[in-house]
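Student: So the protein lines, in turn, are chains A and B. Numbers given in my numbering equal positions in the first sequence, counted from 1, plus 57. Numbers given in my numbering equal positions in the second sequence, counted from 1, plus 450. The beta-carbon is built from N, C-alpha and C at its ideal position, and this holds for glycine as well. Nothing here was measured: the structure is a model prediction, and the numbers come from that model. If you scroll down you'll find the structure; I have some questions about it.
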Amino acid sequence: GAGVSQSPRYKVAKRGQDVALRCDPISGHVSLFWYQQALGQGPEFLTYFQNEAQLDKSGLPSDRFFAERPEGSVSTLKIQRTQQEDSAVYLCASSLSSEEQYFGPGTRLTVT
Amino acid sequence: QKEVEQDPGPLSVPEGAIVSLNCTYSNSAFQYFMWYRQYSRKGPELLMYTYSSGNKEDGRFTAQVDKSSKYISLFIRDSQPSDSATYLCARPSGGSYIPTFGRGTSLIVHP
Chain A
58 GAGVSQSPRY KVAKRGQDVA LRCDPISGHV SLFWYQQALG QGPEFLTYFQ
108 NEAQLDKSGL PSDRFFAERP EGSVSTLKIQ RTQQEDSAVY LCASSLSSEE
158 QYFGPGTRLT VT
Chain B
451 QKEVEQDPGP LSVPEGAIVS LNCTYSNSAF QYFMWYRQYS RKGPELLMYT
501 YSSGNKEDGR FTAQVDKSSK YISLFIRDSQ PSDSATYLCA RPSGGSYIPT
551 FGRGTSLIVH P
């Protein structure tokens, strides 16, 4: 079946621009996670949804980062006033419960 | 200091070699660990998980935890070029299964 999809796959933004990254989880998956992966590093947790409820946003690095999942399905990660340090791959994952997570291919964000 | 540490490599081996990938962890209370594989330009995929006692085997892969030295190992037998990827060790954070990842070790298996 279809896996987790993310769009766009690549995004180049000028410093100060706002960006929106989309995640389509596996159909029926209740839990959705966002991670940030810097070059040469492992993924770092950003935030977690169960259905439409954002249960944990402790990993969001600043108030410029905002995530939503209004209907408990598709999720959007928004970054306002992008900075160069925001350049990374943003990974989305979904799961039926909170156990095995299925990751999407990621969105590579480059801030120039 | 990160909670799980890995040497980034790259580790380059010939096809058919036995590969040993290692992590160290800082907190002896950790009971459960995971290994993920990440191909270039893809998301991580769960390979296997293991509890802090004993080994776990799955095909050509064996995960092992040494509690006394706080060492986690993943062994790959009869390595193949298709095993070339970054291998990430992780442990679940808090009371959930949300993984806290190491930085990953890049493995290259050459024909």
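Compute the beta-carbon to beta-carbon distance between Arg72(A) and Val168(A), rounded to the nearest angstrom, for a pair I have assumed lies under 8 Å.
Tutor: Between Val168(A) and Arg72(A) the Cβ distance is about 6 Å, and since that is below 8 Å, they are a contact.
Student: For Cys149(A) and Cys80(A), what's the separation of their Cα atoms in angstroms?
Tutor: So the alpha carbons of these two residues sit roughly 6 Å apart.
Student: Is it buried or exposed for Pro82(A), if we count other Cβ within 10 angstroms and need 16 for buried?
Tutor: That one is buried.
Student: Given that Pro162(A) touches chain B, what residues does it touch there, using C-beta distances under 7 Å?
Tutor: The contacting residues are Arg491, Lys492 and Gly493.
Student: Keeping to the same chain, check which residues put their C-beta closer than 7 Å to that of Tyr499(B); ignore five residues upstream and five downstream.
Tutor: Closer than 7 Å at Cβ, skipping near neighbours: Tyr482, Phe483 and Met484.
Student: Ser132(A): buried (16+ other C-beta within 10 angstroms of its C-beta) or exposed?
Tutor: That one is buried.
Student: Spell out the partners DSSP gives Gln514(B) in its beta bridges.
Tutor: Answer is Asn505(B) and Ser523(B).
Student: Given a cut-off of 9 Å on the beta-carbon distance, is the pair Ala540(B) and Ser490(B) in contact?
Tutor: No, these two residues do not count as a Cβ contact at 9 Å.
Student: From the DSSP output, read off the bridge partner residues of Asn472(B).
Tutor: In the DSSP output, where bridge partners are listed per residue, Asn472(B) has Ser523(B).
Student: Between Ala150(A) and chain B, is any beta-carbon pair separated by less than 9 Å?
Tutor: Chain B contact via Cβ: present.
Student: Rounded to whole angstroms, what is the Cα-Cα separation between Tyr475(B) and Ala124(A)?
Tutor: Roughly 31 Å between the two C-alpha positions.
Student: Go ahead and label Pro127(A) buried or exposed: buried means 16 or more other beta carbons lie within 10 angstroms of its beta carbon, across all protein chains shown.
Tutor: Flag for Pro127(A) reads exposed.
Student: In chain order, what are the residue ranges of uninterrupted beta strand (DSSP E) at least 3 long that sit wholly in the region 82 to 126 of chain A?
Tutor: Counting whole runs of 3 or more residues, the region 82 to 126 of chain A contains the beta strand (DSSP E) stretches 88 to 94, 101 to 107, 110 to 113 and 122 to 125.
Student: Would Thr512(B) count as contacting chain A if we go by Cβ distances under 9 Å?
Tutor: It does not: the Cβ of Thr512(B) has no partner Cβ on chain A nearer than 9 Å.
Student: Between Asp81(A) and chain B, is any beta-carbon pair separated by less than 9 Å?
Tutor: It does not; no Cβ of chain B falls within 9 Å.
Student: Using 9 Å as the threshold, is the C-beta distance between Gly459(B) and Ser556(B) below it?
Tutor: In this structure, Ser556(B) lies closer than 9 Å to Gly459(B) by Cβ.
Student: Distance, Cα to Cα, Tyr467(B) vs Arg527(B)?
Tutor: Residue 467(B) is actually Ala in this sequence, not Tyr. Using only the alpha carbons, I get a separation of about 7 Å.
Student: Is the number of C-beta pairs between the region 102 to 119 of chain A and the region 158 to 166 of chain A that are closer than 8 Å three or more?
Tutor: No, they do not touch.
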